[in-house]
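There are 2 protein chains.
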Amino acid sequence: MAGITIKELAERCGVAVSTVSRAMNDRSDVNPATRARILAAAREYGYVPNTSARSLKISSTRAIAVIIQGETSPLLVQVLGLLETTLGEQGYDVMLSHISDRSAHAGTVERIVYERKFGGVIFLGRYGDRARGNAPELSRSLARIEVPLVFCTTADFSGSPSLHSSVSVDDYSGSYELTRRLLDLGHRRIAFGGGGGEYDRQHAWALRFSGYRSALEDAGLEVDPSLVIPSVSPDQLYTMANGHESTRAWLAAGPPDFTAIMGMCDAVAIGIGRALHEAGLGVPADCSLTGFDGLDIARYCIPSLTTVRQPLEDIARATARVLLSAVSQPGHATEQLWIRGELVEAESTAPPRH
Amino acid sequence: MAGITIKELAERCGVAVSTVSRAMNDRSDVNPATRARILAAAREYGYVPNTSARSLKISSTRAIAVIIQGETSPLLVQVLGLLETTLGEQGYDVMLSHISDRSAHAGTVERIVYERKFGGVIFLGRYGDRARGNAPELSRSLARIEVPLVFCTTADFSGSPSLHSSVSVDDYSGSYELTRRLLDLGHRRIAFGGGGGEYDRQHAWALRFSGYRSALEDAGLEVDPSLVIPSVSPDQLYTMANGHESTRAWLAAGPPDFTAIMGMCDAVAIGIGRALHEAGLGVPADCSLTGFDGLDIARYCIPSLTTVRQPLEDIARATARVLLSAVSQPGHATEQLWIRGELVEAESTAPPRH
DNA sequence: CTGAAAGCGCTTACAG
DNA sequence: CTGAAAGCGCTTACAG
Chain R
172 MAGITIKELA ERCGVAVSTV SRAMNDRSDV NPATRARILA AAREYGYVPN
222 TSARSLKISS TRAIAVIIQG ETSPLLVQVL GLLETTLGEQ GYDVMLSHIS
272 DRSAHAGTVE RIVYERKFGG VIFLGRYGDR ARGNAPELSR SLARIEVPLV
322 FCTTADFSGS PSLHSSVSVD DYSGSYELTR RLLDLGHRRI AFGGGGGEYD
372 RQHAWALRFS GYRSALEDAG LEVDPSLVIP SVSPDQLYTM ANGHESTRAW
422 LAAGPPDFTA IMGMCDAVAI GIGRALHEAG LGVPADCSLT GFDGLDIARY
472 CIPSLTTVRQ PLEDIARATA RVLLSAVSQP GHATEQLWIR GELVEAESTA
522 PPRH
Chain W
172 MAGITIKELA ERCGVAVSTV SRAMNDRSDV NPATRARILA AAREYGYVPN
222 TSARSLKISS TRAIAVIIQG ETSPLLVQVL GLLETTLGEQ GYDVMLSHIS
272 DRSAHAGTVE RIVYERKFGG VIFLGRYGDR ARGNAPELSR SLARIEVPLV
322 FCTTADFSGS PSLHSSVSVD DYSGSYELTR RLLDLGHRRI AFGGGGGEYD
372 RQHAWALRFS GYRSALEDAG LEVDPSLVIP SVSPDQLYTM ANGHESTRAW
422 LAAGPPDFTA IMGMCDAVAI GIGRALHEAG LGVPADCSLT GFDGLDIARY
472 CIPSLTTVRQ PLEDIARATA RVLLSAVSQP GHATEQLWIR GELVEAESTA
522 PPRH
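Just so you know, the sequences run in chain order R and W.
Here the first sequence is numbered in my numbering, starting from 172 and rising by one per residue.
Here the second sequence is numbered in my numbering, starting from 172 and rising by one per residue.
The following block contains the structure:
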């Protein structure tokens, strides 16, 4: 096993371990010459401080845990990269703990947080076990642990007021704008695809559904329940498969007239597009289609997809800022940030036929 | 800060810390009644052993580090989830360290490995700094550290024989089969898009290019250099943007005749498809198109994409097996596994026109 | 089956 | 500016 200990390094340098420690940690009270000598020796012998020993002594680690549960969309992966860059610039390491639904047992998240290896925790994407609907409960249990915590790309749905800080795209406004745009193009029969069962504002899709509903109402229309495409895969909502299967079933059942469909996210919209294609319907000739998120694929698929681009850089930057301020000022008030996305018009939307 | 220490728990149970430790670690020499009492108390007080202290004592941790560098494709994310499930069943925790290219300085990978927090390390996707071309060097430096190490979805290109174990799809055969299939359909002018500059077998794309070359040669043809689409984004090879921009530039420069294009991976193929579309060329009517990887999008895009599906479950399972056997039998010989992918025919390929 | 003690590799007051 | 010493929370021989 390569790697020497601080004690061995101290011996080879002819100094005390405490001096090595000070030199390695860039503390001011070390003779510059001594420091240089120690650093050179550390390099030479490949000395790397043992993080376990280090964090055993220091309560606050310069490590941030990012926890992703269940589905991992390209979007979350992009945000992860940005978080890493931003936090890295501040001297923090980022470790990802991905918890697949199947393997997740009740205590996994709590264990990661309780282990106290991390100076802060970021929940990326949704959290809680959908089946048990325990998000609010988990959120409350986390509030008892005094670890800085931020929800990223999702809000904290634990209740009102929210217990934790969160940074998210403004799902409601983005969806409102998309709907508004379709209305302006002349659409009146707009379907909504990919949502879950309970429209209770507890999830991103529910907020997007709210925006859709409000835009319709502000235009003097109301939601026609027969234009809400039921999801056939409630536990895989944000997927192409769900968009495809759900729309296929809906079309097969003989839906009412419609001239546009809004997908709950880009992946769902791609699936919807495929189902329309298989049913012989052209986009946008026979049906306009929109997504949400602004993934790369929205730009490159055929036809390219009208969507709302999530401002990922802003979201990552804000998340880092909120988290680090919680790290430096414990007990500070929580913040809920909703950042506006940008409507990106592409080939998939057009005025309705005739 | 919630969470009590082993000492506090021992006091509340009226036993010594060593007894608590034994009970928590499921050791046999503890009175069942005592153990039960301690476990109950641990639950009640929310006691979670401090991992730092634990791994300071124990050399072998039940934690595996997964290191991803640079681009993160949906494919790697899927493999990550599978690795997590498989290793989780064996009682191992998986931690991801994603290293974005920008922030990666020379020592990052080494540091993670040297920290000795992990019982094993998996490199997922490519490794090394492309700009410096230091993959072989890094690989050799890692060989000096006695940490069980497996390259997953990529081979170890450190030289011959390979220093490390690896598990990967059989890039060469998959590409050979795809080319063979296009030849069987009647194509003779087959372009290859998305490779890097030096065709030196050092990367997945180079192996795929080899398969393409061999299939052509076995059919009595040879590679026409003017049918190799140069990549305009050499540091973002595996992206839709690279496929799109490269093909656009290639088409604009007035390419020779061609009736099919093989994309180096699905993402590149999607970008190629977009460029063809913008140039007024239909797939497969004017040009057949293939990808590689078998991402979800290959199935849902329009037209759906002929590709080679990577056997991700097999790859993840084999990776876990190889790694854990290295953990339990240090010094064991390394293994290089190449697992055959499955050709999936879809709408994007057809016989050439006329 | 249980306890007292040593020690893993660090950091940080406390002296000098 | 440097060193000796205590201690972070565990695990593991070693006694009993």
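We put the CB at the ideal spot given by N, CA and C, even for glycine.
Drop a sphere of 10 angstroms on the beta-carbon of residue i, count the other beta-carbons inside from all chains shown, and report buried for 16 or more, exposed for fewer.
{"i": "residue 198 (chain W)", "result": "exposed"}
{"i": "residue 195 (chain R)", "result": "buried"}
{"i": "residue 213 (chain W)", "result": "buried"}
{"i": "residue 388 (chain W)", "result": "exposed"}
{"i": "residue 202 (chain W)", "result": "exposed"}
{"i": "residue 241 (chain R)", "result": "buried"}
{"i": "residue 499 (chain R)", "result": "exposed"}
{"i": "residue 303 (chain R)", "result": "Low per-residue confidence applies at residue 303 (chain R): pLDDT is 48, beneath 50, and the placement is therefore not dependable, though the value from the model is reported in the following sentence. Exposed, since its Cβ has fewer than 16 Cβ neighbours within 10 Å."}
{"i": "residue 239 (chain W)", "result": "buried"}
{"i": "residue 189 (chain W)", "result": "exposed"}
{"i": "residue 432 (chain R)", "result": "buried"}
{"i": "residue 525 (chain R)", "result": "exposed"}
{"i": "residue 491 (chain W)", "result": "buried"}
{"i": "residue 229 (chain W)", "result": "exposed"}
{"i": "residue 215 (chain R)", "result": "exposed"}
{"i": "residue 341 (chain R)", "result": "buried"}
{"i": "residue 255 (chain R)", "result": "buried"}
{"i": "residue 185 (chain W)", "result": "exposed"}
Cα-Cα, which of the options is closest to residue i?
{"i": "residue 193 (chain R)", "options": "R:183, R:267, R:206", "result": "R:206"}
{"i": "residue 497 (chain W)", "options": "W:189, W:336, W:215, W:256", "result": "W:336"}
{"i": "residue 503 (chain W)", "options": "W:321, W:388, W:251", "result": "W:321"}
{"i": "residue 425 (chain W)", "options": "W:328, W:444, W:400", "result": "W:400"}
{"i": "residue 450 (chain R)", "options": "R:472, R:433, R:418", "result": "R:418"}
{"i": "residue 386 (chain W)", "options": "W:375, W:367, W:363", "result": "W:363"}
{"i": "residue 261 (chain R)", "options": "R:408, R:488, R:519, R:211", "result": "R:488"}
{"i": "residue 324 (chain W)", "options": "W:233, W:232, W:237, W:217", "result": "W:237"}
{"i": "residue 289 (chain W)", "options": "W:267, W:297, W:295", "result": "W:267"}
{"i": "residue 478 (chain W)", "options": "W:415, W:515, W:447", "result": "W:515"}
{"i": "residue 404 (chain R)", "options": "R:377, R:365, R:435, R:397", "result": "R:365"}
{"i": "residue 161 (chain R)", "options": "R:350, R:427, R:414", "result": "As displayed, chain R neither begins before 172 nor continues past 525, which places residue 161 (chain R) out of reach and without an answer."}
At 9 Å on the CB atoms, spell out the chain R contacts of residue i, in chain order.
{"i": "residue 245 (chain W)", "result": "243, 244, 245, 248"}
{"i": "residue 400 (chain W)", "result": "What residue 400 (chain W) touches in chain R: nothing, since even the nearest Cβ is about 16 Å away."}
{"i": "residue 432 (chain W)", "result": "Per Cβ cutoff of 9 Å: no residues; residue 432 (chain W) is ~15 Å from chain R at best."}
Residues of chain R with CB under 7 Å from residue i, in chain order?
{"i": "residue 471 (chain W)", "result": "411, 415, 441, 442, 445"}
{"i": "residue 374 (chain W)", "result": "Per Cβ cutoff of 7 Å: no residues; residue 374 (chain W) is ~21 Å from chain R at best."}
{"i": "residue 448 (chain W)", "result": "473"}
{"i": "residue 235 (chain W)", "result": "Neighbours of residue 235 (chain W) on chain R: none; closest Cβ ~12 Å, over 7 Å."}
Run down chain R in chain order and give the residues with a C-beta less than 8 Å from the C-beta of residue i.
{"i": "residue 227 (chain W)", "result": "221, 223, 224, 227"}
{"i": "residue 288 (chain W)", "result": "222, 223"}
{"i": "residue 175 (chain W)", "result": "Result: empty, since nearest Cβ-Cβ is about 10 Å, beyond 8 Å."}
Assign residue i to one of three DSSP states: helix, strand, or coil.
{"i": "residue 264 (chain R)", "result": "strand"}
{"i": "residue 526 (chain W)", "result": "Residue 526 (chain W) falls outside the range modelled here, since chain W spans only 172 to 525, and no answer is possible."}
{"i": "residue 415 (chain W)", "result": "helix"}
{"i": "residue 420 (chain R)", "result": "helix"}
{"i": "residue 380 (chain W)", "result": "helix"}
{"i": "residue 524 (chain R)", "result": "coil"}
{"i": "residue 277 (chain R)", "result": "Its pLDDT being 44, under 50, residue 277 (chain R) is placed unreliably by the model, and nothing is read from it."}
{"i": "residue 321 (chain R)", "result": "strand"}
{"i": "residue 355 (chain R)", "result": "helix"}
{"i": "residue 390 (chain W)", "result": "coil"}
{"i": "residue 404 (chain W)", "result": "coil"}
{"i": "residue 186 (chain R)", "result": "coil"}
{"i": "residue 342 (chain W)", "result": "helix"}
{"i": "residue 349 (chain W)", "result": "helix"}
{"i": "residue 398 (chain R)", "result": "helix"}
{"i": "residue 180 (chain W)", "result": "helix"}
List the residues of chain W that residue i touches, going by C-beta distances under 8 Å, in chain order.
{"i": "residue 266 (chain R)", "result": "266, 267, 268"}
Would you say residue i touches the ligand NAD, meaning its beta carbon is less than 6 Å from a heavy atom?
{"i": "residue 487 (chain W)", "result": "Ligands displayed in this structure: none; no statement on the ligand NAD is therefore possible."}
Please compile the residues from chain W whose C-beta is within a distance smaller than 9 Å of the C-beta of residue i.
{"i": "residue 197 (chain R)", "result": "In chain order: nothing, as chain W lies at least about 16 Å away."}
Point to revise | Length at least 3, wholly inside the region 468 to 521 of chain R: the beta strand (DSSP E) runs in chain order | key: 478 to 480, 507 to 510, 513 to 515
Check your understanding: What are the complete beta strand (DSSP E) segments, minimum 3 residues, inside the region 202 to 264 of chain W?
Key -> 234 to 240
Practice item. Give, in chain order, every unbroken run of the alpha helix (DSSP H) that is at least 4 residues long and sits entirely within the region 429 to 458 of chain R. Key: 437 to 449
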